[in-house]
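So the protein lines, in turn, are chains S and E. Numbered by this note's numbering, the letters in the first sequence go through residues 281 to 686 in order. Numbered by this note's numbering, the letters in the second sequence go through residues 3 to 76 in order.
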Amino acid sequence: MAAINSVKLYCGRLLGSGVFSIKCLTAGLIAFSAFSLQAAILPEESADLLYHSYDGGGVTVNGPSVLVRKNFKDTASVYANYYTDMVSSASIDVMTAGSKYSEQRTEYSTGVDYLNDTTIYSLGFTNSSENDYEANTINFGISQDFFGDLTTVTMGYTRGDDTVMLNGDESDPVQFEASQKHQRFSLGLSQVITKNWLATANVESVIDNGYLNNPYRSVRYLDDGKVSYQTERYPQTHNSDAIALRNIYYLPFRASIKGEVKLFQDSWGVDATTYELKYVHPWKRTWIFEAKLRAYSQSQADFYADIFPHKDFQTFLARDKELSQFSSTNFGLGVTYKLPKPPLAFLNNCTVNFYWDALQFKYDNFHNALLSKASNDGAEAPYKPGEEPLYHFNANVIRLFFSAGY
Amino acid sequence: MRNLAAIVFFINLCGCSHLQPEPWVKAYERGHLADPVMKLERSAVAGKYMNHVYEAREAARGADGSAGGGCGCN
């Protein structure tokens with residue numbers, strides 16, 4: 281991968297020059313002679329300014345993200361990222377047993393990549409802060425090239441320490457506080473199969489322990505024919521394993537097609553499968569278009585129910601729709617435009633990028649509980665609890681960003 | 003002891019670069035692989051955001067090469 285990346289960097293700069301094929305071949309030959317001395321390379325210096333937006337199911341989340349990366353003497357690369365989520369939520373979870381709220385999440389990340397011969401060592405730290413959630417995460421990674429740079433093996437370890445809070449009113453701002461701990465172990469293999477075919481395999485295990493449920497969320501149960509609510513109760517441990525296989529193939533007419541399969545299983549009884557197909561097509565020397573289709577499905581957790589027969593029906597209780605059985609589809613379009621001339625003299629490889637994703641979620645065992653709630657004026661609800669139509673919603677995700685090298 | 007000798011022999015074998023397999027795709031044949039259309043994820047910052055959306059809305063997580071923090075998912 282390092283070999284490919286270094287040629288990519290060079291060829292990427294040549295894309296706009298009109299001499300791609302000959303110079304790129306030359307670059308490959310030059311790079312080939314250099315690889316025996318030093319194969320792995322650091323990420324390219326760049327600055328990315330992103331605006332992101334999510335709108336669906338009564339929830340809007342938007343905000344900026346700024347990522348800056350600076351390299352030193354071809355042996356070290358330092359990055360810093362500022363990211364914000366501005367959340368306004370009137371989701372079905374919130375409206376069923378609460379009221380609309382707004383909040384902001386701010387995330388700061390920093391890290392360093394260090395290159396030694398054909399090995400890259402990575403170290404990073406992330407802090408995420410909300411008014412009722414604090415998360416600190418450190419991650420360490422190592423990447424090693426083998427076999428003439430046709431094979432790359434990566435390993436990673438991430439550890440997170442989170443604090444979960446339940447906020448009350450001004451007289452009692454923090455009613456409850458608990459901790460969560462997370463560990464992630466990842467292993468990746470990237471393999472050049474042919475001159476047109478690249479395949480990767482990734483596995484990741486996650487171990488969580490502590491207070492893992494959302495203190496604001498409730499389950500509903502029947503109480504003499506009426507609905508009552510009690511706080512969710514989750515197990516204090518959660519282990520999961522995921523494996524993903526990805527293949528990308530260069531088509532005969534300068535375009536690529538990517539296929540991905542991901543399998544997931546956890547200790548709460550959730551099994552999930554993801555399929556993704558992506559087609560990327562350049563146009564002239566300055567445009568790249570892509571189209572994506574993604575399908576996801578999962579089974580429900582062992583302790584999930586849409587409505588429980590009575591209070592404290594079992595030890596663990598959940599009515600989180602993300603733990604129910606459901607499927608989702610995602611259609612996405614993206615376009616990248618490479619500016620023919622950088623806006624500032626010291627910049628290069630400037631691109632403007634726009635991605636739009638349409639998501640559709642259909643739940644198999646999560647009913648629209650709002651339709652069985654009596655209205656404030658005392659009018660009878662149109663449905664009885666547990667007999668409401670199944671819930672579904674659509675969401676739109678937008679990513680607009682400017683990227684520049686220097 | 004015999005197993006240890008075998009391991010040491012294997013490690014020494016790995017150290018002999020001339021015994022490593024010859025790359026079956028030469029550097030001058032990697033033009034297609036180096037093309038920007040062949041990136042698995044064309045933008046790290048945009049890809050990380052989309053993975054965050056998926057992890058907030060789905061139970062599945064991991065094996066996508068990104069690390070995140072926080073929730074922002076209710």
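By construction, the Cβ of each residue, glycine as well, lies at the ideal position given by its N, Cα and C atoms. Owing to the predicted nature of the structure, the values given are computational and were not obtained by experimental measurement.
- For G549 of chain S, the three-state secondary structure derived from DSSP is coil.
- Contact with chain E is absent for L446 of chain S, since none of that chain's Cβ atoms lies less than 8 Å from the residue's Cβ.
- When Cβ-Cβ separations below 8 Å define contact, Q424 of chain S makes no contact with chain E.
- By the 16-neighbour rule on beta-carbons within 10 angstroms, V632 of chain S is exposed.
- One Cα belongs to S485 of chain S, the other to N493 of chain S, and the distance between them is close to 20 Å.
- For G49 of chain E, the enclosing alpha helix (DSSP H) starts and ends at 46-59.
- Taking a cut-off of 8 Å on C-beta distances, the region 465-476 of chain S does not touch the region 491-510 of chain S, as fewer than three cross pairs fall below it.
- Bridge pairing for P25 of chain E: absent [DSSP].
- Contacts between V550 of chain S and chain E, judged by CB atoms closer than 9 Å, involve A61, A62 in chain order.
- Annotation: Cβ neighbours of H332 of chain S in chain E (cutoff 7 Å, chain order): Y51.
- In this structure Q578 of chain S is buried. Its beta-carbon is surrounded by 16 or more other beta-carbon atoms within 10 angstroms.
- At the C-beta level, I678 of chain S and H332 of chain S come within 8 Å of one another.
- V341 of chain S is bridged by DSSP to S:Y334, S:V367.
- With contacts defined as CB atoms closer than 8 Å, I418 of chain S and M435 of chain S fail to qualify as a contacting pair.
- At least one CB atom of chain E sits nearer than 8 Å to the CB of A535 of chain S.
- By the Cβ test, the region 627-643 of chain S is not in contact with the region 551-563 of chain S, since fewer than three Cβ pairs between them sit closer than 8 Å.
- Chain E places no beta carbon closer than 8 Å to that of G539 of chain S, leaving this residue out of the contacts.
- I473 of chain S sits in a strand when the DSSP states are folded into three classes.
- Distances from the alpha-carbon of V392 of chain S to those of S:Y671, S:A571, S:E324, S:Y529 put S:E324 closest.
- Beta bridge pairing from DSSP links L403 of chain S with S:V392, S:F420.
- A direct Cα-to-Cα measurement between P622 of chain S and T554 of chain S gives close to 39 Å.
- Using a Cβ-Cβ cut-off of 8 Å, I400 of chain S is close to nothing in chain E; its nearest Cβ partner there is about 14 Å away.
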